[in-house]
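For the sequence shown, counting from 1, position 76 maps to 75 in numbering that gives the first Met the number 0; every step adds exactly one.
Ideal Cβ placement from N, Cα and C applies to all residues, glycine included.
Here is the structure we will look at.
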Amino acid sequence: MELKKMESIPLHYQLTNTLRDAIRDGVWNLGDAFPTDKDLMVQYGVSSTTVRRSVGQLVQEGLLDRKAGKGTFVKNKPVEETLGLLTGFFQEMISRGFSPSAELINLCPIEITAKELERVPELSIFNDQKMFLIEKVQKLNDEPIAYLQSYWPYEYGSRMAASDLTKIGLYDIAGKELGLVLTKAEQTIGAGIAHKKVAQYLGIKIGFPILTMNRIAYCGEQPVELSLNSYRADRYKYKVLLQQHTSRNIEGLFL
0 MELKKMESIP
10 LHYQLTNTLR
20 DAIRDGVWNL
30 GDAFPTDKDL
40 MVQYGVSSTT
50 VRRSVGQLVQ
60 EGLLDRKAGK
70 GTFVKNKPVE
80 ETLGLLTGFF
90 QEMISRGFSP
100 SAELINLCPI
110 EITAKELERV
120 PELSIFNDQK
130 MFLIEKVQKL
140 NDEPIAYLQS
150 YWPYEYGSRM
160 AASDLTKIGL
170 YDIAGKELGL
180 VLTKAEQTIG
190 AGIAHKKVAQ
200 YLGIKIGFPI
210 LTMNRIAYCG
220 EQPVELSLNS
230 YRADRYKYKV
240 LLQQHTSRNI
250 EGLFL
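Now the structure itself:
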């Protein structure tokens, strides 16, 4: 992609976006040597300062790794999930050829008290049922990607807790062990910054940008799960296919 030097958009910003997109599109694989600063200067016709700023930004985002005396290498490529499919993290990653795992943080029953509803208002949909919380960190190649708080009615969550939740996805257990057929979900995606707890679990700095995803999953018309997810914004993204003249269920949310 040729940079547009006459535009008001700074060159280092254009170059950063171009290189980031190339990494995401798989131009280089994990561990591949990244072009040298000199090569990038020649290819894009920009100064060393522009290249250093762009590469430095990608290093900060966790996509590249500079090794003294050895060069720059591709560190990560953001995981991409397509909206419109009701799948769990494990199902989605396995379908894309990855090997997911999880670190279990907490398993505990939850009473839906006024205090709990103040903390997690979305639990009101369960009408004062006793719930079960499954709290874990989702990983790829032992690298933390998402922090998950998954609430299920107690009868389901307590049975799920008997399985190895570090190796099996919750939706797999729901279908194969509990006989639950998840038919639909309401999902809200947003942006945020990592507070102390999330930063600790995801291995990022406090204040680092995160992608949030809250979901209520249904079995028929009955809600069976509330999941609150925090994703590393540098390692996860969503993709939406939009078509004209086709009915859509994806809506913008204005606050």
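Item, Value
"Beta-carbon separation (whole angstroms), residue 217 vs residue 175, contact threshold 8 Å", "That pair is no contact at about 18 Å."
"Inter-residue spacing [alpha-carbon to alpha-carbon] between residue 109 and residue 58", "41 Å"
"Segment limits, beta strand (DSSP E) that includes residue 100", "99-110"
"Status (buried if at least 16 other CB within 10 Å, exposed otherwise) for residue 48", "exposed"
"Which residues DSSP lists as bridging residue 151, in chain order", "131"
"Start and end residues, beta strand (DSSP E) containing residue 231", "221-231"
"Residue 226 vs residue 211 beta-carbon contact at 9 Å", "no"
"Integer-rounded CB distance, given that residue 193 should sit under 8 Å from residue 172", "Between residue 193 and residue 172 the Cβ distance is about 28 Å, and since that is not below 8 Å, they are no contact."
"Residue(s) in a DSSP beta bridge with residue 125", "DSSP lists no partner for residue 125."
"Helix, strand or coil at residue 9 according to DSSP, with G and I counted as helix", "coil"
"contact_flag[the stretch 152-167, the stretch 122-130] where n(CB pairs < 8 Å) is 3 or more", "yes"
"Sufficient close CB pairs (3 or more, under 8 Å) joining the stretch 114-121 to the stretch 188-208", "no"
"Burial state of residue 13 (16 or more Cβ within 10 Å)", "buried"
"Euclidean distance between Cα positions of residue 187 and residue 147", "15 Å"
"N-terminal and C-terminal residue of the alpha helix (DSSP H) that residue 172 is part of", "169-175"
"Which of helix, strand or coil DSSP assigns to residue 83", "Confidence at residue 83 is low in this model, with a pLDDT of 49, below 50, so the placement of that residue should be treated as unreliable; the coordinate-derived value is given next. In the structure shown, residue 83 sits in coil (DSSP, three-state: anything other than H, G, I, E or B)."
"Those residues which DSSP pairs with residue 213 across a bridge", "187, 227"
"Bounding residues of the alpha helix (DSSP H) (the contiguous stretch that carries residue 256)", "Residue 256 falls outside the range modelled here, since the chain spans only 0 to 254, and no answer is possible."
"Reduced DSSP secondary structure (H/G/I, E/B, other) of residue 208", "strand"
"Beta-carbon proximity check, residue 234 vs residue 207, cutoff 9 Å", "no"
"Close Cβ partners of residue 11 (< 7 Å) along its chain, the five nearest in sequence each way excluded", "49, 52, 53"
"Per-residue DSSP class, three states only, for residue 14", "helix"
"Closest by C-alpha distance to residue 141, when choosing among 165, 196, 152", "165"
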